[in-house]
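Each residue of the sequence shown is one higher than the one before, starting from 33 at the first, in the working numbering. Ideal placement from N, C-alpha and C gives every residue a C-beta, glycine not left out. Quick caveat: nothing in here was measured; it's all calculated off a predicted structure.
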Amino acid sequence: MSKILEETQTGRVLTCKVGMRWGDMDAYGHVNNVEILRILEEARIHAFGPPGGTGGPGQDPQVPLFSTLPAGTQALVVEHRVRYLAPLTYRNIPLDIDVWVSALKAASVTIAYIVHDPVTGEACAKAETTIAFVAADTGRLLRIDRDQAALIRPFVGRAVFA
């Protein structure tokens, strides 16, 4: 377990494997900062599922938060925060990304991540994404219901940014 993960953990952690693409590299030879956001999105979907009604059948997520949202509910990104800790070099093996919930509020959830180099184990980035649930037809913010909160409560830990 990385030092950052040890410092932030009070809840359970989901570990996801996300592949890097050759095209993720930039002119400096490391994974580009814009691609890190795509990688975080993939980790979030691996951990919590694709939004209901999107994509085709596949592997079930570890925690079906997004994949079990009621019809007409959108899970929208409100904010991303990323701190790059070390250059991430392209490798033809999947990244190890630790994922948990760092904040559970009435109408939003914040997902925390630590991106690890799959060979060295070094933490290369830490990040958080805040998601709000919105009614697609009205644009109205929706509260997180009891079942959703109970589903993710075991995965609530500390924020990576203090």
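Cut-off 6 Å between Cβ atoms - residues of its own chain near residue i, not counting five sequence neighbours on either side
i    : result
Q106 : V166, A168
F80  : P93, V95, L97, F98
T162 : V110, E111, S140, T142
E74  : V50
D58  : N64
E67  : D56
L120 : H62, V63, C156
H78  : C48
Exposure label - residue i; buried when at least 16 CB within 10 Å
i    : result
I125 : exposed
A191 : exposed
G189 : buried
R172 : exposed
P186 : exposed
A138 : exposed
Q180 : buried
According to DSSP, residues forming a beta bridge with residue i
i    : result
C48  : I129
Y116 : A157
A103 : DSSP, once it has assigned bridges, lists no residue as partnering A103.
L108 : A164
T245 : With the chain running from 33 to 194 in the structure shown, residue 245 is simply not present.
V188 : V133
T121 : H62
L173 : V166
Reference residue i, options the options, closest by Cα
i    : options               : result
D56  : N65, C48, K49         : N65
A144 : T170, V50, F193       : F193
E154 : D128, E111, I77       : D128
H62  : P82, P102, R44, A118  : A118
T152 : L174, R123, A182, I77 : R123
D130 : M52, L72, W54, R53    : L72
Y116 : L46, A159, D177       : A159
R175 : H78, L101, R44        : L101
Span of the alpha helix (DSSP H) around residue i
i    : result
V66  : 65-80
R178 : 178-184
The beta strand (DSSP E) enclosing residue i, as first and last residue numbers
i    : result
I143 : 140-148
Contacts around residue i, its chain only, beta-carbon distance under 7 Å, and the 5 residues preceding and following it disregarded
i    : result
I184 : V95, L97, V133, L136, V141
Beta-carbon contacts of residue i that lie in its chain and below 8 Å, excluding the five residues immediately before and after
i   : result
L69 : H112, V114
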